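The sequence shown begins at 3 in the numbering used here and counts up one residue at a time.
Written out below as structure tokens is the structure these notes cover.
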Amino acid sequence: MKKIAILTLLLAFTAVLSQAQRFAYIDTEYIMENIPEYQAAQRELDQIAKEWEEEIEAKFDEVEKMYNEYQAEAAILPEDIKQERQQEMIAKEEEAKELQMQRFGEGGDFSQKQQELIQPIQDKIYEAVEEIAASGNYAVIFDKASGPVMFYSDVQYDLSDEVLQNLGYRN
3 MKKIAILTLL
13 LAFTAVLSQA
23 QRFAYIDTEY
33 IMENIPEYQA
43 AQRELDQIAK
53 EWEEEIEAKF
63 DEVEKMYNEY
73 QAEAAILPED
83 IKQERQQEMI
93 AKEEEAKELQ
103 MQRFGEGGDF
113 SQKQQELIQP
123 IQDKIYEAVE
133 EIAASGNYAV
143 IFDKASGPVM
153 FYSDVQYDLS
163 DEVLQNLGYR
173 N
């Protein structure tokens, strides 16, 4: 009898604790797609990427043009001129590859620009989530956009619209 009473008390205590902790999720992709500043930042990033890609493509086109000219003249060129042209082509190609890495490589210009434009928006979202978590007594809030962490989610726990409202983008 004593075991049943302890078990019942333990189950009641567990039920109270489980209701005290609330869980929810957000979808940061959805949130960011609904923030005009993010859309403007994304457009700016797209424009920058396009300009830099064209700049890099022009460098590689220049190398290709040099190669085609070299191929056309190689039979009549003296050996020292051939080697000089080959070195010029190699140098130009290396220059193009270096520019490509500088612009789009890890920690490159594009990555830095992305960080500069997107990080403030992400910080605002995080602050809004923190406020909602504190006021709503949420123990954990998952990000649905972070990958396949959640296999099932009930829409009643999606706080994405509440985050947008907290940020002032929804009424």
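Note that CB positions come from ideal geometry on N, CA and C, so glycine has one too.
Quick caveat, the model's predicted, so the values are computed rather than measured.
{"Asked": "Cut-off 6 angstroms between Cβ atoms - residues of its own chain near Asp125, not counting five sequence neighbours on either side", "Found": "none"}
{"Asked": "Residues near Tyr40 by beta carbon distance below 6 angstroms, same chain, minus five either side", "Found": "Met34 and Ile123"}
{"Asked": "Cβ pair count under 8 angstroms reaching 3, the segment 103 to 116 against the segment 46 to 54", "Found": "yes"}
{"Asked": "Paired residues, beta bridge with Phe25 - DSSP", "Found": "Val142"}
{"Asked": "Residues near Glu133 in its chain [Cβ-Cβ closer than 7 angstroms; skip 5 each side]", "Found": "Asn168"}
{"Asked": "Cβ-based burial, Ile92 [other Cβ within 10 Å; buried from 16]", "Found": "exposed"}
{"Asked": "Cβ-Cβ separation, Ile127 to Thr30 (assumed contact under 8 angstroms), whole Å", "Found": "6 angstroms"}
{"Asked": "Ile143 vs Tyr27 beta-carbon contact at 8 angstroms", "Found": "yes"}
{"Asked": "7 angstroms CB neighbourhood of Gln102 in its chain, flanking five on each side removed", "Found": "Ile58"}
{"Asked": "Backbone CA spacing between Leu47 and Ala76 [nearest angstrom]", "Found": "43 angstroms"}
{"Asked": "Beta-carbon proximity list for Ala43, same chain, < 8 angstroms, skipping 5 on both sides", "Found": "Leu119, Ile120 and Ile123"}
{"Asked": "Cβ distance (whole Å) where Glu64 is taken to contact Lys84 below 8 angstroms", "Found": "No, Glu64 and Lys84 are not in contact; Cβ-Cβ is about 19 angstroms, not under 8 angstroms."}
{"Asked": "Euclidean distance between Cα positions of Ala147 and Ser137", "Found": "23 angstroms"}
{"Asked": "Among Pro80, Phe62 and Asp82, nearest to Glu97 - alpha-carbon criterion", "Found": "Phe62"}
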